[in-house]
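K.L.:
What follows is a single structure, and I will ask about it in a moment.
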Amino acid sequence: MSDGDLSSKYVLQTAGFDARFPNTNQTRHCWQNYTDYFKCVAAKGEDFAPCKQFKRAYHSLCPNEWVSKWDEQRDNGTFPASLEP
Amino acid sequence: MLSINNLNRSDFQYHPYHLVTPSPWPLMISISLFCFVIGAVLYMHGYPYSLVGATFRLGFINTAATMYFWLTDVTNEGTLNGDHTKEVVKGLLIGFLLFLVSELFVFVSVFWAYFHSSLVAAIEIGGIWPPLAIIALDPYGIPLLNTIVLLSSGSTVTMGHHAVLKRDRRYSIWGLLLTIILAIFFTGLQYFEYVNATFTIADSVFGSVFYCSTGLHGLHVLVGTGMLLSSFVRLVNYHFTDSHHQGLESGILYWHFVDVVWLFLYVAVYYWGGL
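Protein chains in written order, with the working numbering: chain A, 1 to 85; chain B, 86 to 360.
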């Protein structure tokens, strides 16, 4: 199998530099993208393509533990921020 | 000889200072304070009150009692014995101002904690302030009334002080009494707010910084009220003259300090914090 096939099928990239979060601690970068994704979906619906950018960013930046904890909080209704658009 | 005065002082000493005779109170208060602090720390680290309460209460009562004995000794030495020359009074004022500065720094540390927590709220509380589901108190309600009460008490205490300076006994008593009444009114209003608030000290960092800052201020209001009360008792008992009333002036300074701290609290915690 050739590398060319695989590399054209999967594009590997991580979240780009965001000037709002210039320092080493990227916690807030992860948090912001997580909340922005769900606010985007609440405003525009799940099929709205640009929302996917936030999803890719938070999946790339956030530890999976945090994502599952926050998903659980959203399901329980105990998520600490408002996710209204 | 009943008391020393500027005419006979040089029979005993060639300086205007007061070299205090040996006293048990400094040692007594340090032991009491230690006991009090040990009791408090043990309680805060989970030892049940039924076990450590005795230590705590013993320490507190002993500290209060020793303060009473020490301060009445100072009053007797100054007002009755004549040991408080102008130099001594200057020293007492400087000592009190240094104490006030140290109190200022305690409040700086509490305000620092408040701004650290609130300016950039942690993601664990949703990155917003006040946190979701915390209903902050309405700054235009009782907090505004409290501001007016304290500002008014500042003016009544000034009226009382000016009356002392003018040797007007009637207005000096009224001024100080009104101030004490307003102080008690403030305390009552704060107690009502505390009891009826929808959040407790355990409700996230918001509850912690709110009650630690306003609570520390409340303790200072109680101390200030105590100082004003003791000055009131001394005023009624003719301890003060129009030119010598450092105890009263210290109490008034402390009370103005309490008022200014409240103004900062009102603007930063009640008004801005509730936005």
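Using N, Cα and C, we set each Cβ at its ideal position, and we do this for glycine too.
One question on the structure: do valine 343(B) and serine 202(B) come within less than 9 Å of each other, judged by their Cβ atoms?
P.N.:
The residue labelled residue 343(B) in the question sits at position 258 within the second sequence. The residue labelled residue 202(B) in the question sits at position 117 within the second sequence. In this structure, serine 202(B) does not lie closer than 9 Å to valine 343(B) by Cβ.
K.L.:
For alanine 81(A), return the contacting residues in chain B, with the cut-off set at a CB-CB distance below 7 Å.
P.N.:
Translated into the one-based positions of the first sequence, residue 81(A) becomes position 81. Within chain B, the residues near alanine 81(A) are Gly211, Gly212, Ile213 and Leu217.
K.L.:
Return no unless some Cβ of chain A is closer than 9 Å to the Cβ of isoleucine 265(B).
P.N.:
On the second sequence, residue 265(B) is found 180 positions in, with the first residue counted as 1. Closer than 9 Å: no.
K.L.:
According to the neighbour-count rule (16 or more other Cβ atoms, all chains shown, within 10 Å of its Cβ), is aspartate 168(B) buried or exposed?
P.N.:
Against the second sequence, residue 168(B) aligns to sequence position 83. Under this definition aspartate 168(B) is a buried residue.
K.L.:
For threonine 283(B) and tryptophan 66(A), I'd like the C-alpha separation in whole angstroms.
P.N.:
In the second sequence, the residue the question calls residue 283(B) occupies position 198. In the first sequence, the residue the question calls residue 66(A) occupies position 66. Approximately 30 Å between the Cα atoms of the pair.
K.L.:
Starting from the Cα of aspartate 18(A), find the closest Cα among Pro50(A), Asn33(A) and Leu83(A) and give me that residue.
P.N.:
The sequence position of residue 18(A) within the first sequence is 18, counting from 1. Ranking the options by Cα distance to aspartate 18(A), first place goes to Asn33(A).
K.L.:
Is the distance from the Cβ of histidine 324(B) to the Cβ of threonine 170(B) below 9 Å?
P.N.:
Residue numbering aside, residue 324(B) sits at position 239 when the second sequence is read from its first letter. Residue numbering aside, residue 170(B) sits at position 85 when the second sequence is read from its first letter. Their beta carbons are not under 9 Å apart, which means histidine 324(B) does not touch threonine 170(B) by this criterion.
K.L.:
Along the region 187-210 of chain B, what residues have a CB closer than 8 Å to any CB found in chain A?
P.N.:
Hits within the stretch, in order: Ile208, Glu209 and Ile210.
K.L.:
What does the Cβ neighbour count give for phenylalanine 349(B), buried or exposed, with the cut at 16 atoms within 10 Å?
P.N.:
Your numbering for residue 349(B) matches position 264 in the second sequence. Phenylalanine 349(B) comes out exposed.
K.L.:
Using 8 Å for Cβ pairs, my map puts valine 173(B) next to proline 101(B). What's the rounded Cβ distance?
P.N.:
For the purposes of this step, residue 173(B) is taken as residue 88 along the second sequence, with counting starting at 1. For the purposes of this step, residue 101(B) is taken as residue 16 along the second sequence, with counting starting at 1. With 8 Å as the limit, valine 173(B) and proline 101(B) qualify as a contact, their Cβ atoms being about 7 Å apart.
K.L.:
Let's test the definition: count the other Cβ atoms within 10 Å of the Cβ of threonine 232(B) and tell me whether it reaches 16, buried, or not, exposed.
P.N.:
What you label residue 232(B) is simply residue 147 of the second sequence in a count that begins at 1. Label assigned to threonine 232(B): buried.
K.L.:
Arginine 20(A) CB to nearest chain E CB: under 9 Å?
P.N.:
The chain inventory of the structure shown lacks chain E, comprising the protein chains A and B.
K.L.:
Give the secondary structure of serine 257(B) by DSSP, where H, G and I count as helix, E and B as strand, and everything else as coil.
P.N.:
The residue given as residue 257(B) occupies position 172 in the second sequence. In the structure shown, serine 257(B) sits in a helix (DSSP, three-state: H, G or I).
K.L.:
According to DSSP, is valine 105(B) helix, strand or coil?
P.N.:
The count along the second sequence starts at 1 and reaches residue 105(B) at position 20. Coil, per DSSP.
K.L.:
Does the CB of serine 27(A) have a neighbour CB from chain B at under 9 Å?
P.N.:
Working through the first sequence from its first residue, we reach residue 27(A) at position 27. Reading the sequence as shown, one finds threonine at residue 27(A) and not serine. Chain B, which has a Cβ nearer than 9 Å to the Cβ of threonine 27(A), makes this yes.
K.L.:
Report the rounded CA-to-CA distance for leucine 143(B) versus serine 115(B), giving the unit in angstroms.
P.N.:
On the second sequence, residue 143(B) is found 58 positions in, with the first residue counted as 1. On the second sequence, residue 115(B) is found 30 positions in, with the first residue counted as 1. Spanning the two alpha carbons is a distance of roughly 13 Å.
K.L.:
Quick one: Cα of isoleucine 208(B) to Cα of threonine 35(A), how far?
P.N.:
Translated into positions along the second sequence, residue 208(B) becomes position 123. Translated into positions along the first sequence, residue 35(A) becomes position 35. Answer to the nearest angstrom: the Cα atoms are 10 Å apart.
K.L.:
Apply the 10 Å Cβ neighbour rule to tryptophan 197(B) and answer buried if 16 or more other Cβ atoms are within range, or exposed otherwise.
P.N.:
As a working note, residue 197(B) is residue 112 in the second sequence. Label assigned to tryptophan 197(B): exposed.
K.L.:
If we call anything under 9 Å between Cβ atoms a contact, is leucine 333(B) one with leucine 320(B)?
P.N.:
Translated into the one-based positions of the second sequence, residue 333(B) becomes position 248. Translated into the one-based positions of the second sequence, residue 320(B) becomes position 235. Yes; because the gap between Cβ atoms is below 9 Å, this pair is in contact.
K.L.:
Check the C-beta distance from leucine 313(B) over to tryptophan 340(B) and give it rounded, since I have them as a contact under 8 Å.
P.N.:
On the second sequence, residue 313(B) is found 228 positions in, with the first residue counted as 1. On the second sequence, residue 340(B) is found 255 positions in, with the first residue counted as 1. At roughly 6 Å, the Cβ-Cβ gap stays under 8 Å, so leucine 313(B) and tryptophan 340(B) are in contact.
K.L.:
Only counting the same chain, and skipping five residues up and downstream in sequence, which positions put a Cβ closer than 7 Å to that of phenylalanine 317(B)?
P.N.:
Within the second sequence, residue 317(B) is the residue found at index 232, counting from 1. Hits under 7 Å: Leu261, Leu262 and Ile265.
K.L.:
Whose C-beta lies closer than 8 Å to the C-beta of isoleucine 213(B) among residues of the same chain, with five residues either side of it excluded?
P.N.:
Against the second sequence, residue 213(B) aligns to sequence position 128. Contacts found: Ala206.
K.L.:
Counting C-beta neighbours from all protein chains within 10 Å, is the total for isoleucine 179(B) 16 or more, i.e. buried, or is it exposed?
P.N.:
Position 94 of the second sequence, counted from the start, is the residue given in the question as residue 179(B). Classification of isoleucine 179(B): exposed, given that the 10 Å Cβ count is below 16.
K.L.:
Should cysteine 40(A) and proline 63(A) be called a contact, given that it needs their Cβ atoms to be closer than 9 Å?
P.N.:
Position 40 of the first sequence, counted from the first residue, corresponds to residue 40(A). Position 63 of the first sequence, counted from the first residue, corresponds to residue 63(A). Not closer than 9 Å, so no.
K.L.:
Would you tell me roughly how many angstroms separate the C-alpha atoms of leucine 229(B) and glutamate 278(B), rounded to the nearest one?
P.N.:
Reading the second sequence from its first residue, position 144 is the one you call residue 229(B). Reading the second sequence from its first residue, position 193 is the one you call residue 278(B). Between leucine 229(B) and glutamate 278(B), the C-alpha separation is close to 12 Å.
K.L.:
Would you call alanine 383(B) buried or exposed, if buried means 16 or more other Cβ atoms sit within 10 Å of its Cβ?
P.N.:
The question about residue 383(B) has no answer here: the residues shown for chain B are numbered 86 through 360.
K.L.:
Mind checking glycine 211(B): buried by the 16 CB within 10 Å criterion, or exposed?
P.N.:
Sequence index remark: in the second sequence, residue 211(B) carries index 126 (1-based). So glycine 211(B) counts as buried.
K.L.:
What does the alpha-carbon distance come out to for the pair asparagine 147(B) and arginine 255(B)?
P.N.:
Counting from one through the second sequence, the residue named residue 147(B) turns up at place 62. Counting from one through the second sequence, the residue named residue 255(B) turns up at place 170. Spanning the two alpha carbons is a distance of roughly 36 Å.
K.L.:
From asparagine 90(B) to valine 345(B), what does the alpha carbon distance come to, in whole angstroms?
P.N.:
Stepping through the second sequence from its first residue, residue 90(B) is reached at position 5. Stepping through the second sequence from its first residue, residue 345(B) is reached at position 260. Their Cα atoms are separated by approximately 39 Å.
K.L.:
Is the Cβ-Cβ distance between serine 335(B) and leucine 189(B) less than 9 Å?
P.N.:
Translated into positions along the second sequence, residue 335(B) becomes position 250. Translated into positions along the second sequence, residue 189(B) becomes position 104. Against a cut-off of 9 Å, the Cβ pair of leucine 189(B) and serine 335(B) comes out as no contact.
K.L.:
Express the C-alpha separation of alanine 139(B) and leucine 156(B) in angstroms, rounding to a whole number.
P.N.:
Locating residue 156(B) in the second sequence gives position 71, counting from the first residue. Locating residue 139(B) in the second sequence gives position 54, counting from the first residue. Looking at the two C-alpha atoms, the distance is approximately 25 Å.
K.L.:
Please check the pair isoleucine 337(B) and histidine 247(B), which I expect to be a contact at CB under 8 Å, by giving their CB distance rounded to whole angstroms.
P.N.:
Residue numbering aside, residue 337(B) sits at position 252 when the second sequence is read from its first letter. Residue numbering aside, residue 247(B) sits at position 162 when the second sequence is read from its first letter. Between histidine 247(B) and isoleucine 337(B) the Cβ distance is about 11 Å, and since that is not below 8 Å, they are no contact.
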